[in-house]
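The next block holds one structure in the form of structure tokens; read it before the comments.
Residue numbers (the UniProt record's numbering), protein chains in the order written: chain A, 1 to 334; chain B, 1 to 332.
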């Protein structure tokens, strides 16, 4: 890799992390101003995980995402406009407004979808890897899930099969310290990595606030997975800045404000990477500020567009139930 | 025409489709060398290899979930669920994932997957290996549900299911695997949503699913001896349901009994009876009757098990009551 390409890669990683943070800031505002139906789960604080991993993937590689999935979606290449439209239930959303925040999928970039069942996509990710092997494709699949999902039995069933069959899948556990409103050490006995190792799966614990560390490790593992050396397991130590969901405001009963402040002030993945870019002379402060402003403007424009966009026509309610039936509830002539 | 068993019919359907389309594979417990406990898949691994006839650990949610992801990314899995009773284990992957993916993605993702499993009591297997749970999945929008009533249907419906781009659940009656029926040598498919009028009749309509079609035919034989002409209809798929054929028959005969081996309460019989009541009420001379399995867990003892499911004698007895007008004031 030439230095020039490296520079582009670094700037792209920074840009993608800021895009995620900016997207989430806007989504939070939409919720707080009651402009968004339902609720959503913020990815802010975990950006280095999604970006470090997705920047190691090709467009044709697959990911499965979670209820806290906006970061994965952006990192895998999605556009703001279609994402905000989906969050607001609009016709031009990635899923025509039928999925919303918790089910956003973008198959054009290999995102097989967020999943509102904790751990629910572990089988899907493993199956996508199975497809690659059966059809002789090079695709690697990354399965994102949180520490909370490590309590689900499905994970152990599919890791067993993936290990037996050497499937090209990387299980990426985003350990943000909390399983909903409960500290991870209260729900996870022993070591999370050791659980994967028990199946003979190579497992790594990595600082999930360090985008370069995440990216470097993932690049190596993705290439090895393509050669049939998978599966792999990553435990990415990270932190969610917001509550479990946007409505989880008063959370001192399960974690302190001091703890939140410490992560935000001292371990923020964007601040850390920005300092590094400047120190290494890869980008100047002006350039970075200009990039931040451009992303903010993009997000503002996308939000405005989405707010003004059309809802799907009510006739769509029984469309897409089956692939071969336009309207599922249209009765056959009696 | 040659006669083959239901088991051979399923085997042929799978082999033909696997030869035609290399994306089709079978996955489940003991499907390869063992060919399943019912030996339905014998010989397939020899032809297609272990890459496409895939033995799994005993982990139903795991291999079901894997199949959903495989289907979403370009293959066409046939999932083998050894007993229909295990469907409870895979409910999240089947009903929350497979059934909803196409809808939740606004039509962008497809799950072309077949889940083949079974139903049927009276095999002395007790409450956890004898259930008929098709109503559970028929309740979920996004799934199609096929219920073959003979080797002929088993083959034709399986081939259609494999070519369908939606998740399809096929329930075979595990007591019928060795039953023979005429099945053409040449290729054929049976479309979904097309009921089969097994026998035309004038006085009463008997709608049966799966092995209950045989029960209805036997009941029709008994009734014929008494001069009662029963029409027997096999819907073949309950999702989609061929309402038009059922309604036309109800309007013609004006009396209907719906027979199905699932539990009677909140079941398939109630659903079909309701649709007929709603759309053919003024053509009816009697209430539409439901005959499902008793609302009890399936008992082990033969003395108890045999009385939990509809029988030809039972169906004929109810038909006689309908003919005699005895059920009109049944509510009193």
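Glycine included, every Cβ here is placed at the ideal spot set by N, Cα and C.
Apart from the 5 residues on each side of it in sequence, residue 313 of chain B sits with its Cβ closer than 8 Å to the Cβ of 219, 222 in its chain, given in chain order. Judged by beta-carbon spacing, residue 154 of chain A lies within the 7 Å limit of residue 119 of chain A, meaning their Cβ atoms are closer than that value. With its beta carbon less than 7 Å from one in chain A, residue 68 of chain B belongs to the interface. Interface criterion not met: the Cβ of residue 134 of chain B is under 7 Å from no Cβ in chain A.
Residue 42 of chain A sits away from residue 211 of chain A, with the two beta carbons spaced by 7 Å or more.
Closest option to residue 74 of chain B, judged by alpha-carbon separation, among A:7, A:305, A:23, A:135: A:135. Contact of residue 227 of chain B with chain A is not assigned, every C-beta pair being separated by 7 Å or more. Secondary-structure assignment with DSSP links residue 106 of chain A through a beta bridge to A:111.
DSSP places residue 291 of chain B in the uninterrupted beta strand (DSSP E) bounded by 289-293.
Taken through DSSP and simplified to helix, strand or coil, residue 118 of chain A comes out as coil.
A contact between stretches requires three or more CB pairs, one per stretch, nearer than 8 Å, and the stretch 313-322 of chain B meets this requirement with the stretch 255-266 of chain B.
Per DSSP, residue 233 of chain B is not a residue of any alpha helix (DSSP H); the beta strand (DSSP E) it occupies stretches across 230-234. Put simply, the stretch 17-29 of chain A touches the stretch 290-297 of chain A. At least three CB pairs are less than 8 Å apart. In its chain, beyond the 5 residues on either side, no residue has a beta carbon closer than 6 Å to the beta carbon of residue 34 of chain A.
For residue 119 of chain B, no alpha helix (DSSP H) segment is defined; the enclosing uninterrupted segment is the beta strand (DSSP E) at 114-119. Listed in chain order, the positions of the stretch 169-190 of chain A with a beta carbon within less than 9 Å of a beta carbon of chain B would be empty, since no residue qualifies.
For residue 173 of chain B, the three-state secondary structure derived from DSSP is strand. Chain-order list of chain A residues neighbouring residue 141 of chain B: 321, 328, by C-beta distance under 8 Å. Membership of residue 77 of chain B in the beta strand (DSSP E) is indicated by the continuous run 76-80. The secondary-structure analysis by DSSP pairs residue 170 of chain A across a beta bridge with A:142, A:232.
In the structure shown, residue 206 of chain B adopts extended strand secondary structure according to DSSP, grouped into three states. Using a Cβ-Cβ cut-off of 8 Å, residue 61 of chain B is close to 123, 153, 154, 157 of chain A, given in chain order. Using a CB distance below 7 Å, the part of the stretch 43-61 of chain B facing chain A consists of 51, 56, 57, 59, 61, ordered along the chain. Looking at A:290, A:327, A:246, A:133, the one whose alpha-carbon comes closest to that of residue 29 of chain A is A:246. Look at the beta carbons and you see the stretch 100-110 of chain B not touching the stretch 199-208 of chain A: under three pairs across the two are nearer than 8 Å.
Listed along the chain, the chain A residues whose CB falls inside 8 Å of the CB of residue 108 of chain B are 94, 95, 105, 107. Contact between residue 85 of chain B and residue 128 of chain B holds, with the beta-carbon distance rounding to 5 Å and staying under 8 Å.
Around residue 319 of chain A, the same chain offers 326, 327, 328 as residues with beta carbons nearer than 8 Å, after the five sequence neighbours per side are excluded. Out of B:237, B:281, B:290, the CA that lies nearest to the CA of residue 250 of chain B is found in B:281. A distance below 7 Å separates the beta carbons of residue 165 of chain B and residue 323 of chain A.
Counting every other CB atom within 10 Å of its CB across the protein chains shown gives residue 184 of chain B a total below 16, marking it as exposed. The three-state reading of DSSP puts residue 28 of chain B in strand, counting E and B together. For residue 155 of chain B, the uninterrupted alpha helix (DSSP H) run begins and ends at 151-163, by DSSP. The C-beta distance from residue 174 of chain A to residue 236 of chain A rounds to 5 Å, short enough to fall under 8 Å. In the pairwise beta carbon analysis, the stretch 287-302 of chain B is classified as not touching the stretch 188-196 of chain B: fewer than three pairs are separated by under 8 Å. Here the stretch 110-122 of chain B makes no contact with the stretch 306-313 of chain A; the two share fewer than three CB pairs at distances below 8 Å.
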